[in-house]
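S.K.: Here the working numbering is used: the first residue of the sequence shown is 127, the next is one more, and so on. Glycine residues also receive a C-beta, built at the ideal position from the N, C-alpha and C atoms. Structure in structure tokens, see below.
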Amino acid sequence: MKKIIDWMTNVFAPKANKITKNPWIGAIQEAMTTVMPMILVGSLVTIFAIFEEYIPNFPDISPISSFSFGLASVFVAFFIPYLLLEKKKKHKLKKQAGMIGIAFFLMLVFPTFNEEGDIIIEFAKLGSGGMFAAIVGGLFVAFVMDKFSKFSLFKEDTMMPPFLVEGFDSIAPTFLILAIGWIAIFIFNINLYDGIYWILSPLVNVSQSFWGFVLIMFIQAFLYSFGISSWVLEPLYVPIGLQAVGQNAADLARGVDPSLILTNETLQGWVWIGGAGSTLMLSIFMLFTKSKRLRAIGKSSIVPSLCNINEPLVYGAPVVFNPMLMVPMWISGIVVPAITYLSFQLGWVSIPTKPFALWYLPVGIQTWLINGDLNGLILLGVSLVLTGFIYYPFLKVYDNQIYKEELLKAEEA
């Protein structure tokens, strides 16, 4: 264990932190975070939709979701190139990069035109369904704009107004990007949208498999136990989860049973019970420890844990770099995802089909709101019991150890 901790501390953690600070990765992460309010609006619509079942003539507010969460990919296509240039401190073309990101993305979704010349775009591709295309397109636009930002048609001491300098300097990269899209899509009739999904399909298929799902969740718990935030994997699982819940909704509308289990809603409602690593029961048990320090941590962390925020617990107990509590976090990172996946795959619990990003709602409440399935609450209860059995013996040993240390300090004082 000591060798693992030393290697993670001295070798892996610095490299992982370097990756998270990479502007390209950071741009994707921040774009997802920036778009989150729109996803939250879609979540609120999901809650209000419950009233439609019980209140006659309750208005249909689904268009609010359509023009918030339903345009998520458009927003991502704007923010990735914009944020990339901002992070690289190349502010001159960042606004233009965002606009071009939208234009190029709308090309990527492979629009068609009717006889009257009206453009026809599948609305589903503008939401979660087009997330991968928005990311790939946004990164391509960011790359081109980043290269062109090094050059200018004007000298630094030019008397031209800044907005004209920016405008003229953005013409060449804008034309190049849109020309590439025009040639590929409208001249050679290459469906880049389908091509992107075909290339990424192995990654999506693996992540939606049992072993892929469990592995991703375990890696999150494993990295978190070394102080590396689970958000490091956000650029991987968030787009997959958003695309999946959108596909599930589309399948349900077509009368097809939803099948994609790795959604962000699944993680919020059943996997991250109390936070990454499923630490809610650990927080509860700490309220009853012999050690005063651990009890104090339990009291300070119980409310955040109930709302799926476990940083006070993970860093305060600590779980991080503490072999006694790292091991049960790893075990929970395997057991909880495994039983969750199997429960959905076997049809015992309904697979989420609506966006729900209110992850900070108390445990149980959000689980019910995600799919309104009583079996989902039973699954949550089973996971809580199992994580209780996993964490308790390790905490008991750790509590005795800390309690003895406290007694020795009291005697020395």
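Which of helix, strand or coil does DSSP assign to I316?
M.R.: Indexing the sequence shown from 1 puts residue 316 at position 190. In the structure shown, I316 sits in coil (DSSP, three-state: anything other than H, G, I, E or B).
S.K.: Just the Cα atoms here: how many angstroms apart are F470 and S476?
M.R.: The residue you call residue 470 lines up with position 344 of the sequence shown. The residue you call residue 476 lines up with position 350 of the sequence shown. Spanning the two alpha carbons is a distance of roughly 6 Å.
S.K.: Out of curiosity, what's the CA-to-CA distance linking N390 and E537?
M.R.: To locate residue 390, count along the sequence shown from 1; it is residue 264. To locate residue 537, count along the sequence shown from 1; it is residue 411. The alpha-carbon atoms of N390 and E537 are separated by roughly 50 Å.
S.K.: Note down, in chain order, each residue of its chain lying with its Cβ closer than 6 Å to the Cβ of V167, except the 5 sequence neighbours on either side.
M.R.: The residue labelled residue 167 in the question sits at position 41 within the sequence shown. Closer than 6 Å at Cβ, skipping near neighbours: S194.
S.K.: Just list the alpha helix (DSSP H) runs in the stretch 374 to 421, keeping only unbroken ones of 4 residues or longer that don't cross its boundaries, in chain order.
M.R.: If we require 4 residues or more, the alpha helix (DSSP H) runs fully inside the stretch 374 to 421 come out as 406 to 412.
S.K.: Just the C-alpha distance for D295 and Q155, rounded to the nearest angstrom, thanks.
M.R.: The sequence position of residue 295 within the sequence shown is 169, counting from 1. The sequence position of residue 155 within the sequence shown is 29, counting from 1. In a straight line, the C-alpha of D295 is about 28 Å away from that of Q155.
S.K.: Does the stretch 455 to 468 come into contact with the stretch 359 to 369, if we say contact requires no fewer than three beta-carbon pairs (one atom in each stretch) closer than 8 Å?
M.R.: The answer is no - the stretch 359 to 369 does not touch the stretch 455 to 468, with fewer than three Cβ pairs under 8 Å.
S.K.: For D320, count neighbouring Cβ atoms within 10 angstroms of its own Cβ and tell me buried if that reaches 16, exposed if not.
M.R.: Looking up residue 320 in the sequence shown gives position 194. Counting Cβ neighbours within 10 Å, D320 comes out exposed, since fewer than 16 surround it.
S.K.: Throw me the rounded Cβ distance for the I435 and G401 pair, which I believe falls under 8 Å.
M.R.: Counting from one through the sequence shown, the residue named residue 435 turns up at place 309. Counting from one through the sequence shown, the residue named residue 401 turns up at place 275. Yes, I435 and G401 are in contact; Cβ-Cβ is about 6 Å, under 8 Å.
S.K.: Give me, in chain order, the residues of the same chain whose beta-carbon lies closer than 6 Å to that of E212; leave out the 5 immediate sequence neighbours on both sides.
M.R.: Within the sequence shown, the letter at position 86 stands for residue 212. So the list reads K220, once near-sequence residues are dropped.
S.K.: Tell me the DSSP bridge mates of T238?
M.R.: On the sequence shown, position 112 is the one that residue 238 refers to. DSSP, once it has assigned bridges, lists I246 as partnering T238.
S.K.: Leaving out five residues on either side along the sequence, give the residues of the same chain with a beta carbon under 8 Å from the beta carbon of Y529.
M.R.: Looking up residue 529 in the sequence shown gives position 403. Counting only Cβ-Cβ distances below 8 Å, and skipping sequence neighbours, we find T415, K416, S417.
S.K.: Measure the Cβ-Cβ separation of A268 and F231 and say whether it is below 8 Å.
M.R.: As a first step, residue 268 must be located in the sequence shown, where it is residue number 142. As a first step, residue 231 must be located in the sequence shown, where it is residue number 105. No.
S.K.: What residue range is occupied by the uninterrupted alpha helix (DSSP H) comprising A259?
M.R.: Your numbering for residue 259 matches position 133 in the sequence shown. It spans 257 to 274 - the alpha helix (DSSP H) in which A259 sits, taken as one unbroken run.
S.K.: Would you check if the distance between the CB atom of S254 and the CB atom of Q369 is smaller than 8 Å?
M.R.: The residue you call residue 254 lines up with position 128 of the sequence shown. The residue you call residue 369 lines up with position 243 of the sequence shown. The answer is yes: Cβ separation under 8 Å.
S.K.: Hey, would you say I246 sits closer than 8 Å to L495, going by beta carbons?
M.R.: As a position in the sequence shown, residue 246 is number 120, starting the count at 1. As a position in the sequence shown, residue 495 is number 369, starting the count at 1. Their beta carbons are not under 8 Å apart, which means I246 does not touch L495 by this criterion.
S.K.: Quick check: the Cα distance between I165 and A483, rounded to an integer number of angstroms?
M.R.: One-based indexing of the sequence shown puts residue 165 at position 39. One-based indexing of the sequence shown puts residue 483 at position 357. When rounded, the distance between both Cα atoms is 6 Å.
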